[in-house]
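*Asks:*
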Amino acid sequence: MNDFQKLIKSNQLTLVNFFATWCGPCQMFKPVLEEIKKELGDQVTIIKIDVDKNQAFTAEYSTKYNMRGVPTTMLFKNNKLLWQQSGYMDKQTVLNYINQYQNNF
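Structure representation (structure tokens):
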């Protein structure tokens with residue numbers, strides 16, 4: 005998870021998705037993230053973190069960023085949390101947030 009710190013500190017937008025394999029909305033959101041990655045390529049880094057496989061790490065960040073459930077998606081740039089939302093979102097909603105912060109930061 006040292007790479008995680010490097011990525012969220014970078015000058016590039018980093019989208020972090022906390023998910024669980026047993027979570028229905030998380031599974032619905034998976035293809036949305038794949039489509040976003042295809043569409044945006046290197047414009048945004050996408051990190052997916054399985055909360056069950058990374059429990060200590062998830063506990064630290066859930067406390068730090070007041071995460072209450074999965075899926076939770078966060079957008080970082082320069083070690084700053086720009087946006088956070090829990091629950092399923094459609095592709096356009098996520099792209100709107102990415103575009104908003106890509107153009108303003």
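Counting from 5, one number per residue, gives the positions in the sequence shown under our numbering. By construction, the Cβ of each residue, glycine as well, lies at the ideal position given by its N, Cα and C atoms.
#1: Can the beta-carbon of Thr49 be found less than 8 angstroms from the beta-carbon of Thr97?
#2: Which first and last residues belong to the alpha helix (DSSP H) in which Ser66 is found?
#3: Report the CB separation of Val20 from Ile40 in whole angstroms; it is logged as a contact under 8 angstroms.
#4: Taking Lys81 and Tyr105 to be in contact with their CB atoms under 8 angstroms, please state how far apart those CB atoms are, rounded to whole angstroms.
#5: If distances are taken between C-alpha atoms only, which option among Gly91, Leu79, Gln47, Asn107 comes closest to Asn27?
#6: From Lys95 to Asn83, what distance separates their C-alpha atoms?
#7: Rounding to the nearest angstrom, what Cα-Cα distance links Leu86 and Asn58 in this structure?
#8: Can you tell which of Thr67, Leu99, Met78, Glu38 has the C-alpha that lies nearest to the C-alpha of Phe8?
*Replies:* A quick look at the data gives this:
#1: With respect to Thr97, Thr49 sits apart: the two C-beta atoms are not nearer than 8 angstroms.
#2: Ser66 -> alpha helix (DSSP H) spans 59-68.
#3: Actually they do not touch by this definition, with Cβ atoms about 13 angstroms apart.
#4: Beta-carbon to beta-carbon, Lys81 and Tyr105 are separated by about 7 angstroms, close enough to satisfy the 8 angstroms threshold.
#5: Note on residue identity: the sequence assigns Cys, not Asn, to residue 27. Considering only alpha carbons, the answer is Gly91.
#6: Answer to the nearest angstrom: the Cα atoms are 24 angstroms apart.
#7: Going by C-alpha positions, Leu86 is about 23 angstroms away from Asn58.
#8: For the residues Thr67, Leu99, Met78, Glu38, the minimum Cα distance to Phe8 belongs to Met78.
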